[in-house]
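K.L.:
Could you have a look at this structure, given as structure tokens, before my questions?
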Amino acid sequence: MINNLYSLLNTTGFVHLTPGMIVMWCIGLILIYLAIKKQYEPLLLLPIGFGILLVNLPLSGLMEPDVGLLWKFYHYGIHWEIIPPLIFLGIGAFTDFGPLLANPRLIFLGAGAQAGVYLTFFAAHAMGYNIMEAATIGMIGGADGPTTIFISSKLAPQLLGACAVAAYSYMAMVPIIQPPIMRLMTTKAERKIKMAKPRPVSKREKMLFPIVSTFLIILLIPASAPLIAMLMLGNLFRESGVVERLKGAAQNELMNIVTIFLGLPIGATMHADIFLQPKVLFIFVLGLIAFILSTMTGLLLAKLMNLFSKEKINPLLGAAGVSAVPMAARVVHKVGIEADKRNYLIMYAMGPNVAGVIGTVIAAGIFITLLAP
Amino acid sequence: MSPGGIFIQGIISVFFGMTLLYLSIKLTAFIVDRIAGKAKGGAQDDK
Numbered sequence: 268m269i270n271n272l273y274s275l276l277n278t279t280g281f282v283h284l285t286p287g288m289i290v291m292w293c294i295g296l297i298l299i300y301l302a303i304k305k306q307y308e309p310l311l312l313l314p315i316g317f318g319i320l321l322v323n324l325p326l327s328g329l330m331e332p333d334v335g336l337l338w339k340f341y342h343y344g345i346h347w348e349i350i351p352p353l354i355f356l357g358i359g360a361f362t363d364f365g366p367l368l369a370n371p372r373l374i375f376l377g378a379g380a381q382a383g384v385y386l387t388f389f390a391a392h393a394m395g396y397n398i399m400e401a402a403t404i405g406m407i408g409g410a411d412g413p414t415t416i417f418i419s420s421k422l423a424p425q426l427l428g429a430c431a432v433a434a435y436s437y438m439a440m441v442p443i444i445q446p447p448i449m450r451l452m453t454t455k456a457e458r459k460i461k462m463a464k465p466r467p468v469s470k471r472e473k474m475l476f477p478i479v480s481t482f483l484i485i486l487l488i489p490a491s492a493p494l495i496a497m498l499m500l501g502n503l504f505r506e507s508g509v510v511e512r513l514k515g516a517a518q519n520e521l522m523n524i525v526t527i528f529l530g531l532p533i534g535a536t537m538h539a540d541i542f543l544q545p546k547v548l549f550i551f552v553l554g555l556i557a558f559i560l561s562t563m564t565g566l567l568l569a570k571l572m573n574l575f576s577k578e579k580i581n582p583l584l585g586a587a588g589v590s591a592v593p594m595a596a597r598v599v600h601k602v603g604i605e606a607d608k609r610n611y612l613i614m615y616a617m618g619p620n621v622a623g624v625i626g627t628v629i630a631a632g633i634f635i636t637l638l639a640p
Numbered sequence: 037m038s039p040g041g042i043f044i045q046g047i048i049s050v051f052f053g054m055t056l057l058y059l060s061i062k063l064t065a066f067i068v069d070r071i072a073g074k075a076k077g078g079a080q081d082d083k
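Spelled out as structure tokens, the structure:
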């Protein structure tokens, strides 16, 4: 009788609970709280938080290879590299490259912010992470969730959960992290610089851009093809004006569905045994450093460009080179307005902001080309 | 490849890629302007 009772008890999850799992429940609940109460990236943090809860329920088997439901989402969605490119299709359908085409030299600010990615990669490797882990951690500085997930699934799947949560958390905290750095690294006079009126951009140019850039970037860095192809296809849907239904599907239905199938399995990679290690937890520190460095290198590049150009750039625009679209551009606008109430920077800041998306994809493509097994 | 090599190659490649994109945007704008200009000129000639 007692033996039967013991066997029955053994089939429940209660006796298999570990302190680590309870810590992970707390982390999951904090993410759900931040998503609901503070609205920090709720579309992702909410399913990620729930995924963390699920995978840390003993005996649920949700991440059991070949069998578990969340394992299937992870394997066929992320490991097979399907979901991040589909997210990029939606981003492309949302993105207006007009501000970038109107002022093309701002594209370099999107490249400048990537220096932070490589600096953090260098620092992470010096701290003992292997070269593929270091590349994945550095990518957090690009402030681009899907790209971080994409590179992580290829180079360091064991860090996927931590890197994704770090990337999305810091993206949500752009309005807190960036302004002090922007104020510290620019003078008030620089923040007051007014940008020249942008040139008008024709519909034809907007339509040609996704085609020309797809050719150029994929020819240069073939490894970036999955992301850049989908980004530019989505943008072509938008700019062509003849496939409104496809544009709408990419922006809404498809984006919403893949967001669900992205968030849950990411959370599910965060089992207590994997996540609660100093090496993994330190990723959050390095991710923050990556974010700060990317902001700084963007600002510095804008100041450097001012040394050589007649038409001055407001150096705040450099901070928009990280690809948290459109949050980073909004922050630039807000800090600019503080210095001069009539200085509207939002439209200019969208240029480096969308350039940052392209820059991050190129940076990821280079890492994959050089490091992927 | 060493981390230093990846660091340098990475930064150079990103800037090279962005320079190519910058030039392509400029070239596209130039060509589109020319086509638009010709079309406009043609229309005026027809008048």
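Chain order of the listed sequences is A and B.
Quick note: the first sequence uses the numbering used here, first residue 268, plus one each step.
Quick note: the second sequence uses the numbering used here, first residue 37, plus one each step.
C-beta: ideal position from N, C-alpha, C; glycine also.
What are the start and end residues of the alpha helix (DSSP H) that includes A:M452?
P.N.:
V441 to M452
K.L.:
Kindly say whether B:G53, judged by its beta-carbon, lies nearer than 8 Å to any beta-carbon of chain A.
P.N.:
yes
K.L.:
Whose Cβ in chain A lies nearer than 8 Å to the Cβ of B:A72?
P.N.:
Those are S469 and R471, listed as they occur along chain A.
K.L.:
Please report how far the alpha carbon of A:G405 lies from the alpha carbon of A:S274, in whole angstroms.
P.N.:
48 Å
K.L.:
Are the segment 326-336 of chain A and the segment 300-310 of chain A touching by the rule of at least three beta carbon pairs closer than 8 Å?
P.N.:
no
K.L.:
Among the residues of its own chain, which have a CB less than 6 Å from the CB of A:Y341, if the five just before and after it don't count?
P.N.:
Correct list, in chain order: P532.
K.L.:
On the three-pair Cβ rule with 8 Å, is the segment 437-446 of chain A touching the segment 37-44 of chain B?
P.N.:
no
K.L.:
Are the CB atoms of A:P413 and A:F355 within a distance shorter than 8 Å?
P.N.:
Contact: yes.
K.L.:
Can A:I488 and B:G53 be called in contact, C-beta distance under 8 Å?
P.N.:
Yes, the pair counts as a contact, with Cβ atoms nearer than the cut-off.
K.L.:
Below 8 Å on the Cβ atoms is my contact criterion, and I expect A:I418 with A:A595 to pass it. Report the Cβ-Cβ distance as a whole number of Å.
P.N.:
Rounded, the Cβ-Cβ distance is 20 Å, inconsistent with contact.
K.L.:
Going by DSSP in three states, A:R609 sits in which element: helix, strand or coil?
P.N.:
coil
K.L.:
Please tell me whether A:V479 has its Cβ less than 8 Å away from any Cβ of chain B.
P.N.:
yes
K.L.:
Who are the neighbours of B:A65 on chain A, taking C-beta pairs under 9 Å?
P.N.:
When 9 Å is used as the limit between beta carbons, B:A65 is near these residues of chain A: L368, P371, R466, V468, S469 and E472, in chain order.
K.L.:
Assign B:G73 to buried or exposed, taking buried as 16 or more other Cβ atoms, counted over all protein chains shown, within 10 Å of its Cβ.
P.N.:
By the 10 Å Cβ count, B:G73 comes out exposed.
K.L.:
Would the beta-carbon of A:L367 fall within 8 Å of that of A:V621?
P.N.:
yes
K.L.:
Mapping the DSSP letters down to three states, classify A:V290 as helix, strand or coil.
P.N.:
helix
K.L.:
What separation, rounded to the nearest whole angstrom, lies between the Cα atoms of A:K339 and A:P314?
P.N.:
16 Å
K.L.:
Could you tell me whether the Cβ atoms of A:A245 and A:S590 are closer together than 8 Å?
P.N.:
The structure shown does not extend to residue 245 of chain A, since chain A spans only 268 to 640, so no value can be given for it.
K.L.:
Check the Cβ of A:Y385 against every Cβ in chain B and list those closer than 7 Å, keeping chain order.
P.N.:
Residues of chain B passing the Cβ test: F43, G46 and I47.
K.L.:
Helix, strand or coil for A:W347, going by three-state DSSP, please let me know.
P.N.:
coil
K.L.:
Going along chain B, which residues have a C-beta under 7 Å from A:Q381?
P.N.:
V50
K.L.:
Taking only beta-carbon atoms, is A:H392 less than 8 Å away from chain B?
P.N.:
yes
K.L.:
For chain B, find out if any of its Cβ atoms is closer than 8 Å to the Cβ of A:F375; answer yes or no.
P.N.:
yes
K.L.:
Return the chain-ordered list of same chain residues with a C-beta closer than 6 Å to the C-beta of A:G216, the five sequence neighbours on each side being excluded.
P.N.:
Because chain A in this structure spans residues 268 to 640, residue 216 of chain A falls outside the shown range and cannot be described.
K.L.:
Please list the terminal residues of the continuous alpha helix (DSSP H) segment that includes A:I269.
P.N.:
I269 to N277
K.L.:
Are the CB atoms of A:A587 and A:R466 within a distance shorter than 8 Å?
P.N.:
no
K.L.:
Report yes if the C-beta distance between A:L427 and A:T562 is below 8 Å; otherwise report no.
P.N.:
no
K.L.:
DSSP three-state label for A:V479, please.
P.N.:
Of the three classes helix, strand and coil, the one that applies to A:V479 here is helix, per DSSP.
K.L.:
By DSSP, does A:M537 sit in helix, in strand, or in coil?
P.N.:
coil
K.L.:
What runs of the alpha helix (DSSP H), each 4 residues or longer, lie entirely inside the segment 478-511 of chain A?
P.N.:
492-507
K.L.:
Between the C-alpha atoms of A:L548 and A:A433, what's the straight-line distance to the nearest angstrom?
P.N.:
10 Å
K.L.:
Does the separation of the CB atoms of A:Y615 and A:L568 fall below 8 Å?
P.N.:
no
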